[in-house]
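In the working numbering, the protein residues as written are 9 to 298.
Next up, the structure:
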């Protein structure tokens with residue numbers, strides 16, 4: 009019997025990490041070659057990952073919901089014929105011979121030693137690696153005036169990941185580590201808006217990775233794109249008839265004129281009860297349904 013490593017694949021050139029969102033098999037299950045074994049979520053895509061060989065799932069290393077760097081071993085298969093299949097996926101040894109200045113993002117083991125031997129005024133090897141984050145991370149950092157090189161990255165070789173930059177911004181310290189010449193604390197955009205708090209009876213649902221990314225992109229679009237207002241025409245003929253029929257009686261009973269507003273309010277309330285997502289709020293990485 010031999011064991012084959014199952015790794016976190018790289019789903020794109022700029023992807024340096026992935027979140028294992030769901031295991032489709034459990035330890036002890038038989039697995040066929042190319043059969044989906046787990047699901048991942050990255051900055052760009054959600055996908056099912058097939059097994060590299062046939063065998064039995066012997067060990068699960070990375071649990072559901074954990075985010076790890078690409079090429080990380082997430083599980084192991086026990087197989088009789090697939091011993092050689094795990095070797096290429098789990099051996100980044102050839103990349104260790106690369107020079108420090110051109111070290112690729114996957115060079116995980118030697119990163120601390122190399123970074124320690126290159127120190128300088130923001131131009132160290134460690135700083136350069138951190139700034140080589142994904143385009144999405146660099147965009148978020150630029151929007152919030154954050155200097156990526158000043159952050160402690162948890163990604164491969166110390167790279168700053170999306171989770172790192174969002175966690176730093178949500179901590180409220182984004183204006184304290186800004187690039188030179190950036191806005192001061194009293195400049196527009198320097199304050200942080202309070203997050204909505206759930207009320208009694210509300211349902212709080214954590215966002216999936218893909219939904220959180222969509223939310224970030226919508227905020228970015230709101231800040232950079234022109235916006236328009238859409239109007240939908242509604243037939244109020246029946247409402248007008250009911251209002252005309254009951255207007256005199258209503259005014260005599262209450263002393264108030266019967267306008268169209270009560271009909272609109274009732275329709276909105278019934279609509280929100282039927283579709284609570286329309287009355288939801290975003291609080292950090294959670295959605296609050298009222």
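Glycine included, every Cβ here is placed at the ideal spot set by N, Cα and C.
Fair warning: this is a prediction, and the values are worked out from it, not measured in the lab.
Residue i versus residue j: straight-line alpha-carbon distance, rounded
i: residue 72; j: residue 46; result: 9 Å
i: residue 282; j: residue 226; result: 25 Å
i: residue 292; j: residue 272; result: 32 Å
i: residue 289; j: residue 214; result: 12 Å
i: residue 26; j: residue 152; result: 24 Å
i: residue 246; j: residue 203; result: 41 Å
i: residue 248; j: residue 269; result: 12 Å
i: residue 43; j: residue 79; result: 19 Å
i: residue 163; j: residue 216; result: 20 Å
i: residue 263; j: residue 224; result: 50 Å
i: residue 142; j: residue 168; result: 9 Å
i: residue 34; j: residue 83; result: 10 Å
i: residue 279; j: residue 15; result: 47 Å
i: residue 166; j: residue 220; result: 23 Å
i: residue 277; j: residue 234; result: 30 Å
i: residue 255; j: residue 244; result: 16 Å
i: residue 232; j: residue 240; result: 26 Å
i: residue 172; j: residue 155; result: 12 Å
i: residue 250; j: residue 261; result: 16 Å
Beta-carbon contacts of residue i that lie in its chain and below 8 Å, excluding the five residues immediately before and after
i: residue 92; result: Because residue 92 carries a pLDDT of 42, less than 50, the predicted location of this residue cannot be relied on, and no value is offered for it.
i: residue 30; result: 46, 47 and 72
i: residue 99; result: Below a pLDDT of 50, predicted positions are generally treated as unreliable, and residue 99, at 40, falls in that range; the measurement from the model is reported next regardless. Around residue 99: no qualifying Cβ.
i: residue 150; result: none
i: residue 32; result: 44, 45, 46, 47 and 56
Best match in the options for proximity to residue i [C-alpha to C-alpha]
i: residue 23; options: 77, 56 and 70; result: 77
i: residue 208; options: 297, 54, 244 and 234; result: 297
i: residue 211; options: 284, 42 and 17; result: 284
i: residue 50; options: 264, 19, 42 and 149; result: 19
i: residue 21; options: 82, 223 and 52; result: 52
i: residue 242; options: 275, 252 and 233; result: 275
i: residue 147; options: 254, 260, 250 and 229; result: 229
i: residue 54; options: 205, 33 and 222; result: 222
i: residue 218; options: 33, 294 and 15; result: 294
i: residue 206; options: 287, 15 and 56; result: 287
i: residue 17; options: 57, 33 and 34; result: 57
i: residue 252; options: 239, 267, 238 and 34; result: 267
Beta-carbon spacing of residue i, residue j below 8 Å
i: residue 74; j: residue 9; result: no
i: residue 59; j: residue 28; result: no
i: residue 13; j: residue 81; result: yes
i: residue 265; j: residue 259; result: yes
Neighbourhood of residue i by C-beta distance below 7 Å, restricted to the same chain and skipping five residues each side
i: residue 144; result: 51 and 170
i: residue 236; result: none
Touch check for the stretch 38-45 and the stretch 61-68: three-plus C-beta pairs under 8 Å? yes
Between the stretch 150-161 and the stretch 172-180, are three or more C-beta pairs nearer than 8 Å? yes
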